[in-house]
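Everything below concerns the one structure shown next.
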Amino acid sequence: MAGRRVPSSREAPRSLFGSFAPPLLSREQAKALTDKVLSFAKADETRVVIASDWSGNTRFAGGEITTSGGITDTTLSVVSTTAKRRASVSSNVFDDAALRRTVDLAERLARLAPEDPEIMPELGPQSYTPVDSFIQATADLGPEARADATKRVIQRAGEVGKPAGDVFVAGFLEANAGARAIATSRGLFAYHRSTDANLSTTVRTPDGTGSGWASGGARDWAKLDPAALGTTAAQKAVASRNPVAIEPGMYTVVLEPQAVADLVPLLGGAFTARAADEGRGTFSKRGGGTRLGEKVMDERVTIYSDPADPDLLAQPFDTEGLPLERRVWVENGILANFSYSRFWAQKQGKEPTGAGGGGGGGFGGGFPGGLKMAGGTKSTDELVAGTQRGILVTHFFYIRFLDQRTVLVTGLTRDGTFLIENGKITKALKNFRWNESPLFMLNKLEELGRAERTAAGQVMPSIRVKDFNFTSLSDAV
Amino acid sequence: MPINRRDFLKTTAAAAAVAGGRAATGAPITSAIAAPLVAAPGAESYVEDLALEALNAAKDAGASYADARIGRYRRQAINTRERQVTGVSDSESYGLGVRALVGGSWGFAATSTMTRDGVVAAAKEAARLARAARTVQKRPVELAPAPAVKGTWKTPITRDPLDVPIEEKVALLLAANEAALKVPKVRFVNSGLQLLREEKTLATTDGTLVTQTFVRVGPSFTATALGDGDFQSYTEEIAPRGSGWEYVESLGMPTNAEQWASLAVEKLSAKSVEVGRWDLILDPTNLWLTIHESIGHPTELDRAMGYEANYAGTSFVAPPDKVIGKLKYGPEFMNIQGDRTQEGSLARAAWDDEGVAADRWLIIEKGVFKDYQTTREQSAWISKLTGVNRSHGCSFADSWSSVQFQRMPNVSLLPGDKDVSLDDIIAATDRGIIIRNRGSWSIDHQRYNFQFSGQTFHEIRGGKVVGMLKDVAYQANTPQFWNSMDMIGGKSTYWLGGSFGDGKGEPGQSNSVSHGCVPARFKQVNIVNTGRNA
Numbered sequence: 044m045a046g047r048r049v050p051s052s053r054e055a056p057r058s059l060f061g062s063f064a065p066p067l068l069s070r071e072q073a074k075a076l077t078d079k080v081l082s083f084a085k086a087d088e089t090r091v092v093i094a095s096d097w098s099g100n101t102r103f104a105g106g107e108i109t110t111s112g113g114i115t116d117t118t119l120s121v122v123s124t125t126a127k128r129r130a131s132v133s134s135n136v137f138d139d140a141a142l143r144r145t146v147d148l149a150e151r152l153a154r155l156a157p158e159d160p161e162i163m164p165e166l167g168p169q170s171y172t173p174v175d176s177f178i179q180a181t182a183d184l185g186p187e188a189r190a191d192a193t194k195r196v197i198q199r200a201g202e203v204g205k206p207a208g209d210v211f212v213a214g215f216l217e218a219n220a221g222a223r224a225i226a227t228s229r230g231l232f233a234y235h236r237s238t239d240a241n242l243s244t245t246v247r248t249p250d251g252t253g254s255g256w257a258s259g260g261a262r263d264w265a266k267l268d269p270a271a272l273g274t275t276a277a278q279k280a281v282a283s284r285n286p287v288a289i290e291p292g293m294y295t296v297v298l299e300p301q302a303v304a305d306l307v308p309l310l311g312g313a314f315t316a317r318a319a320d321e322g323r324g325t326f327s328k329r330g331g332g333t334r335l336g337e338k339v340m341d342e343r344v345t346i347y348s349d350p351a352d353p354d355l356l357a358q359p360f361d362t363e364g365l366p367l368e369r370r371v372w373v374e375n376g377i378l379a380n381f382s383y384s385r386f387w388a389q390k391q392g393k394e395p396t397g398a399g400g401g402g403g404g405g406f407g408g409g410f411p412g413g414l415k416m417a418g419g420t421k422s423t424d425e426l427v428a429g430t431q432r433g434i435l436v437t438h439f440f441y442i443r444f445l446d447q448r449t450v451l452v453t454g455l456t457r458d459g460t461f462l463i464e465n466g467k468i469t470k471a472l473k474n475f476r477w478n479e480s481p482l483f484m485l486n487k488l489e490e491l492g493r494a495e496r497t498a499a500g501q502v503m504p505s506i507r508v509k510d511f512n513f514t515s516l517s518d519a520v
Numbered sequence: 022m023p024i025n026r027r028d029f030l031k032t033t034a035a036a037a038a039v040a041g042g043r044a045a046t047g048a049p050i051t052s053a054i055a056a057p058l059v060a061a062p063g064a065e066s067y068v069e070d071l072a073l074e075a076l077n078a079a080k081d082a083g084a085s086y087a088d089a090r091i092g093r094y095r096r097q098a099i100n101t102r103e104r105q106v107t108g109v110s111d112s113e114s115y116g117l118g119v120r121a122l123v124g125g126s127w128g129f130a131a132t133s134t135m136t137r138d139g140v141v142a143a144a145k146e147a148a149r150l151a152r153a154a155r156t157v158q159k160r161p162v163e164l165a166p167a168p169a170v171k172g173t174w175k176t177p178i179t180r181d182p183l184d185v186p187i188e189e190k191v192a193l194l195l196a197a198n199e200a201a202l203k204v205p206k207v208r209f210v211n212s213g214l215q216l217l218r219e220e221k222t223l224a225t226t227d228g229t230l231v232t233q234t235f236v237r238v239g240p241s242f243t244a245t246a247l248g249d250g251d252f253q254s255y256t257e258e259i260a261p262r263g264s265g266w267e268y269v270e271s272l273g274m275p276t277n278a279e280q281w282a283s284l285a286v287e288k289l290s291a292k293s294v295e296v297g298r299w300d301l302i303l304d305p306t307n308l309w310l311t312i313h314e315s316i317g318h319p320t321e322l323d324r325a326m327g328y329e330a331n332y333a334g335t336s337f338v339a340p341p342d343k344v345i346g347k348l349k350y351g352p353e354f355m356n357i358q359g360d361r362t363q364e365g366s367l368a369r370a371a372w373d374d375e376g377v378a379a380d381r382w383l384i385i386e387k388g389v390f391k392d393y394q395t396t397r398e399q400s401a402w403i404s405k406l407t408g409v410n411r412s413h414g415c416s417f418a419d420s421w422s423s424v425q426f427q428r429m430p431n432v433s434l435l436p437g438d439k440d441v442s443l444d445d446i447i448a449a450t451d452r453g454i455i456i457r458n459r460g461s462w463s464i465d466h467q468r469y470n471f472q473f474s475g476q477t478f479h480e481i482r483g484g485k486v487v488g489m490l491k492d493v494a495y496q497a498n499t500p501q502f503w504n505s506m507d508m509i510g511g512k513s514t515y516w517l518g519g520s521f522g523d524g525k526g527e528p529g530q531s532n533s534v535s536h537g538c539v540p541a542r543f544k545q546v547n548i549v550n551t552g553r554n555a
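Residue numbers (the numbering used here), protein chains in the order written: chain W, 44 to 520; chain L, 22 to 555.
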């Protein structure tokens with residue numbers, strides 16, 4: 044039974060995969076592997092994509108580590124095209140026989156697949172902006188160091204949370220290191236390594252009425268401060284005890300950067316040229332045409348992707364190997380660019396902008412090249428100080444689309460929702476459900492706060508906006 | 022003491038005698054285990070040998086308990102739009118995950134390097150992770166006893182969907198699209214198939230050795246109609262199932278697509294809903310997801326105990342001593358069953374990823390909360406309250422590279438005693454809305470406040486359906502909502518829905534789960550308008 048075949052030690056090159064946490068595939072190793080796979084290929088065109096990953100995680104709850112893991116895996120995908128027919132097959136089994144099977148299956152599926160008139164030829168050699176997203180300290184973050192960081196979060200949260208009793212501390216720390224390589228039968232070869240680390244923690248008070256949360260993410264583990272995150276989450280937990288209910292309705296809100304990061308990336312699909320051109324996009328005009336070049340948000344809003352931005356440091360190519368460059372989506376409130384898949388760009392005589400993760404012609408595929416919303420100079424505290432009456436939101440939860448076209452979504456506030464009166468936080472509030480659109484929201488902007496890194500490859504400001512639409516109360520803490 | 026090959030053989034051989042051998046794969050367990058350590062490539066026993074290698078290495082590294090799970094996942098996806106195929110993909114993922122318990126703390130490591138060296142390194146890493154975790158431990162993990170088992174199980178199917186020629190699959194989808202495009206105003210159609218075959222072998226230091234093969238199919242269909250500056254989409258609620266290709270064929274997609282697409286057109290002229298309190302009739306095609314979110318998740322014991330506090334959230338069904346046998350979830354006729362045995366369901370299994378045999382039990386009995394979903398680690402936390410000393414067998418991982426943890430079984434609303442039909446419920450309703458299929462859904466992190474939508478909404482006046490509505494969502498508080506249920510359908514109205522993609526945990530994992538239910542009526546539920554002009 045071929046399906047159950049296992050390569051023996053002799054077949055797997057020890058130098059590549061011998062130890063538990065191997066060095067990620069180097070450029071040379073990736074090139075050798077893609078060359079080999081391409082040499083097996085017989086289709087008109089072939090693309091080989093390699094993802095070589097290590098991930099180390101530590102999860103904690105109730106002040107102790109509950110699960111922790113270390114995972115290594117390398118996956119190879121073969122995309123075969125024969126006369127406008129294309130299919131992709133991926134596998135993580137790498138002996139020569141398995142690689143041949145993977146190529147053969149991709150070619151067989153491609154021959155069987157009906158013609159796709161929208162298929163674009165594979166790309167030839169490209170040049171990419173050099174981006175250094177790989178930090179060794181993150182790739183080296185082992186179980187002991189992660190346990191130690193966890194301990195710092197728990198201890199500090201315990202101290203800061205003391206006024207509320209013995210707080211319940213939960214959270215998650217993950218470090219990732221990965222290499223991506225893409226090669227095509229037309230001579231393209233792209234290679235990139237990156238790391239990221241993310242630490243988040245939730246602190247709950249023993250009476251069950253208070254909950255606080257804090258999170259940080261970066262390419263460089265050294266940029267995260269576990270004790271500071273424990274402090275913030277515990278402070279919020281203590282301050283959010285015994286929340287009071289206020290009537291749902293339209294309120295001025297101060298959204299912390301993490302709350303903004305929950306909403307602004309949802310605009311991804313709105314910038315898709317094809318949906319706009321076909322009359323079903325957010326920025327389609329009634330009766331035809333699009334709103335490109337028109338003011339669609341407050342004039343202080345600028346949103347862009349740029350893999351080389353030092354705060355983003357994203358992979359400088361997309362899943363087809365297309366170079367990614369700086370793309371400004373909204374500049375001073377004006378819709379500056381749409382995202383174009385290669386097919387749609389050719390059809391419309393535009394430059395392609397790169398596809399988001401995993402095909403679909405860039406349709407709603409997120410933001411390859413990272414995402415940054417420009418900020419102002421004030422801290423979140425200063426935004427609060429400038430608020431007559433409003434609500435401070437820590438972050439949001441369970442966001443789901445209600446209307447794709449207006450980007451209207453529903454969700455809830457969570458882990459620290461506070462009433463602001465005369466520039467000061469005066470009360471903890473019960474959580475709300477809300478129905479709101481980031482598009483509407485960025486038209487109701489009152490003030491921009493400082494932008495900060497909310498995750499690796501993402502920078503968002505805190506903001507104050509008016510008339511945020513809270514629709515009902517939630518009893519959840 | 023490290024596990025001894027001969028001892029392991031003895032344990033499993035004894036278990037084999039109880040379970041009646043391994044007829045399904047032809048090889049008795051004894052000969053598989055007694056084979057040379059590294060079998061010739063191609064031999065099935067190699068998988069078992071690798072698992073045993075990992076267990077031995079974990080034992081050597083200090084584990085008091087370990088399990089090794091080898092998985093081979095084959096997935097195929099086909100997506101189409103209108104008259105073209107937008108994607109054909111096939112993936113295979115193969116590897117081993119080993120979980121080690123050292124001094125009462127867990128460590129887990131996974132590798133795709135399927136050699137002796139690779140799995141031994143993973144086992145050592147799992148023990149290292151466990152030792153590091155032990156430095157931040159409050160109470161050591163204790164496992165509920167589970168008898169050593171051995172055997173094989175496979176989803177009963179007539180035709181393996183991964184063996185069906187790709188042309189046949191594409192032809193079926195394109196025929197459905199073509200039928201839909203015949204409907205005037207229907208401009209866009211998307212259809213697809215997700216197919217999975219998962220082969221999984223689990224070995225534990227308790228002597229369990231089981232191999233299971235799961236087959237799951239998930240078809241999809243959405244039509245979009247354009248008219249007068251508006252567009253409306255309709256997604257048919259096609260339940261994914263733990264079934265073979267014969268289930269996909271039984272759906273009659275090409276035959277039914279025209280009628281499905283016409284619903285998208287009908288939505289263009291539907292009346293926007295008037296907000297306020299309405300009596301709500303939820304068809305099973307909608308209600309299954311409401312059960313999933315408002316009963317399935319809050320009755321997960323790890324959520325109730327705060328293990329998910331940093332991500333999916335906690336639960337209002339807590340603490341256990343205040344709710345077991347006490348919390349009135351709904352009316353007397355409400356019975357909710359947890360079940361891993363149901364035919365065709367996505368969460369069906371013979372054993373979980375701790376080797377615990379599939380179970381079926383009542384979560385809510387006569388409207389009162391009775392028991393949680395549990396794993397071996399969890400059952401002792403509540404056994405004094407429930408009188409149940411076994412795990413309910415809810416430990417699963419979504420991949421060889423993921424650690425197993427508590428995942429939802431099929432959680433279903435049992436039919437009422439009387440043979441009540443959907444028409445009977447409609448006829449008994451003076452002013453109401455009937456909602457079909459899943460729309461948007463969102464629920465808070467303790468599972469109180471939810472807002473769900475649907476695909477079609479029909480207004481009922483004086484016991485009759487009078488027209489179609491749009492922009493409808495129902496928003497409620499879970500206990501109030503379920504306690505407002507006043508009518509449910511009988512056995513003949515039962516339908517099994519489900520999802521491939523139930524997310525939980527950090528790092529995130531995706532679980533496949535089904536929910537069976539009958540139509541039900543809820544009194545005076547808050548209806549909100551989700552239209553763009555609302």
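Ideal placement from N, C-alpha and C gives every residue a C-beta, glycine not left out.
Short CB-CB distance (under 8 Å) between Phe252/L and chain W: Against the second sequence, residue 252/L aligns to sequence position 231. Yes, Phe252/L counts as interfacial toward chain W.
For Gly42/L, the three-state DSSP class (helix, strand or coil): The count along the second sequence starts at 1 and reaches residue 42/L at position 21. Only weak support is given to the placement of Gly42/L: the predicted model assigns it a pLDDT of 30, under 50, and the value that follows is read from those uncertain coordinates. Coil, per DSSP.
Thr499/L versus Val296/L: straight-line alpha-carbon distance, rounded: Walking along the second sequence from the start, residue 499/L turns up at place 478. Walking along the second sequence from the start, residue 296/L turns up at place 275. Roughly 20 Å separates the two Cα atoms.
The stretch 344 to 358 of chain W / the stretch 496 to 503 of chain W touching (three or more Cβ pairs under 8 Å): yes
Reduced DSSP secondary structure (H/G/I, E/B, other) of Glu479/W: Against the first sequence, residue 479/W aligns to sequence position 436. DSSP places Glu479/W in strand when its eight states are reduced to three.
Stretch-stretch touch, CB-based, cutoff 8 Å, three pairs: the stretch 419 to 431 of chain L with the stretch 177 to 194 of chain L: no
Buried or exposed (CB count within 10 angstroms, at least 16 for buried), Gln391/W: Your numbering for residue 391/W matches position 348 in the first sequence. Flag for Gln391/W reads exposed.
Residues of the stretch 433 to 444 of chain W whose Cβ lies closer than 8 Å to any Cβ of chain L, in chain order: Phe440, Tyr441, Ile442, Arg443, Phe444
Residues that Thr18/W bridges to, as DSSP identifies them: No statement about residue 18/W is possible, as the shown extent of chain W runs from 44 to 520 and does not include it.
Contact set between Val303/W and chain L, taken where Cβ atoms lie within less than 7 Å: Reading the first sequence from its first residue, position 260 is the one you call residue 303/W. Going along chain L, no residue has its Cβ under 7 Å from Val303/W, so there is no contact; the nearest lies around 19 Å.
Ile289/W at chain L interface by Cβ criterion, 8 Å: Your numbering for residue 289/W matches position 246 in the first sequence. So no, Ile289/W is outside the interface.
The stretch 507 to 515 of chain W / the stretch 423 to 436 of chain W touching (three or more Cβ pairs under 8 Å): yes
Short CB-CB distance (under 8 Å) between Val450/W and chain L: As a first step, residue 450/W must be located in the first sequence, where it is residue number 407. Chain L contact via Cβ: absent.
Cβ shell of Val344/L (< 7 Å), same chain only, five flanking positions each side left out: Start at 1 with the first residue of the second sequence, and residue 344/L comes out as number 323. Contacts found: Val338, Phe390.
Near-chain W residues of the stretch 129 to 149 of chain L (beta-carbon distance less than 8 Å), N- to C-terminal order: Phe129, Ala130, Ala131, Thr132, Ser133, Thr134, Met135, Thr136, Arg137, Asp138, Gly139, Ala142, Ala143, Lys145, Glu146, Ala147, Arg149
Residues of the stretch 393 to 404 of chain L with Cβ closer than 9 Å to any Cβ of chain W, in chain order: none
Terminal residues of the alpha helix (DSSP H) in which Ile312/L lies: Counting from one through the second sequence, the residue named residue 312/L turns up at place 291. Its alpha helix (DSSP H) spans residues 305 to 312.
Whether Arg428/L touches Glu314/L by CB criterion (8 Å): What you label residue 428/L is simply residue 407 of the second sequence in a count that begins at 1. What you label residue 314/L is simply residue 293 of the second sequence in a count that begins at 1. Not a contact, by the Cβ cut-off of 8 Å.
Close beta carbons around Glu523/W, own chain, < 7 Å, minus the five adjacent residues each side: Residue numbering for chain W in the displayed model covers 44 to 520; residue 523/W lies beyond these limits and cannot be assessed.
Alpha-carbon to alpha-carbon, Ala319/W and Asn380/W: Residue 380/W sits at position 337 when you count from the first residue of the first sequence. Residue 319/W sits at position 276 when you count from the first residue of the first sequence. Rounded to the nearest angstrom, the two C-alpha atoms are 12 Å apart.
Boundaries (first-last residue) of the alpha helix (DSSP H) holding Ala319/W: Mapped onto the first sequence, residue 319/W falls at position 276. Segment 316 to 320, the alpha helix (DSSP H) holding Ala319/W.
Under 8 Å between C-beta atoms of Pro436/L and Val286/L: Position 415 of the second sequence, counted from the first residue, corresponds to residue 436/L. Position 265 of the second sequence, counted from the first residue, corresponds to residue 286/L. Not a contact, by the Cβ cut-off of 8 Å.
Per DSSP, cross-strand counterpart(s) of Trp382/L: Residue 382/L sits at position 361 when you count from the first residue of the second sequence. DSSP, once it has assigned bridges, lists Gly359/L as partnering Trp382/L.
Contact set for Lys328/W: own chain, Cβ-Cβ below 8 Å, skip 5 residues either direction: Residue 328/W sits at position 285 when you count from the first residue of the first sequence. Answer for Lys328/W: Arg334, listed in chain order.
Beta carbon proximity, Thr115/W to chain L, threshold 8 Å: Start at 1 with the first residue of the first sequence, and residue 115/W comes out as number 72. At least one chain L Cβ lies under 8 Å of Thr115/W.
Under 8 Å between C-beta atoms of Thr551/L and Ser474/L: Position 530 of the second sequence holds residue 551/L. Position 453 of the second sequence holds residue 474/L. Result yes, Cβ atoms of Thr551/L and Ser474/L sit closer than 8 Å.
Length-filtered (4 minimum) alpha helix (DSSP H) runs lying within the stretch 414 to 493 of chain L: 443 to 448
Residues near Val441/L in its chain [Cβ-Cβ closer than 6 Å; skip 5 each side]: Here residue 441/L is taken as the residue at index 420 of the second sequence, counted from 1. Cβ within range, chain order: Gly510, Gly511.
Near-chain W residues of the stretch 452 to 475 of chain L (beta-carbon distance less than 8 Å), N- to C-terminal order: Ser461, Trp462, Ser463, Ile464, Asp465, His466, Gln467, Arg468, Tyr469, Asn470, Gln472, Ser474
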